[in-house]
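Residue numbers (the numbering used here): 267 to 397.
Yeah, the Cβ is synthetic: ideal placement off N, Cα and C, and Gly gets one too.
Being a predicted model, the structure only gives us computed values, none of them experimental.
First the structure, in the form of structure tokens, and then the observations on it.
The structure is reproduced here in structure tokens:
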């Protein structure tokens, strides 16, 4: 059973090019504990979540996977930052041996083309938003 917390911990570790051992040293815990957190088999303590938030310079809400929801009547408006979604996709794809698209396994070349296109979308959006 994985959770948003486990996904966020793995995402932050990989985004910062850290091994599980590196992160365990930074947080003062064991490498096996990091593995348990990332696999959703154990939840980190509040103190550890605070340490991670401080080290990675993110909010505790981000680590906890708390969505910023606004309820207006019967509508639910979800605030999603798609740059984070695309960054997560790039990290995820980079760490997978097999990538499928519409049920078809992509060869190494197609995987690289797909990742390059997602990266281009991210870069282009950042460029146009910052004009």
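Along the chain, where does the alpha helix (DSSP H) that runs through residue i open and close?
| i | result |
| --- | --- |
| residue 291 | 286–293 |
| residue 314 | 312–322 |
| residue 270 | 270–281 |
| residue 356 | 348–360 |
Between the options, which has its C-alpha nearest residue i's C-alpha?
| i | options | result |
| --- | --- | --- |
| residue 353 | 387, 287 and 286 | 387 |
| residue 359 | 385, 393 and 332 | 385 |
| residue 270 | 311, 327, 372 and 391 | 327 |
| residue 392 | 347, 283 and 376 | 347 |
On the DSSP bridge assignment, give the partners of residue i in chain order.
| i | result |
| --- | --- |
| residue 366 | 371 |
Do residue j and residue i have their beta-carbon atoms positioned less than 8 Å apart in this structure?
| i | j | result |
| --- | --- | --- |
| residue 316 | residue 308 | no |
If contacts are defined as beta-carbon pairs under 8 Å, then residue i and residue j qualify, I think. What distance do you get, rounded to the angstrom?
| i | j | result |
| --- | --- | --- |
| residue 293 | residue 279 | At roughly 10 Å, the Cβ-Cβ gap does not stay under 8 Å, so residue 293 and residue 279 are not in contact. |
| residue 306 | residue 272 | 4 Å |
| residue 275 | residue 312 | Actually they do not touch by this definition, with Cβ atoms about 14 Å apart. |
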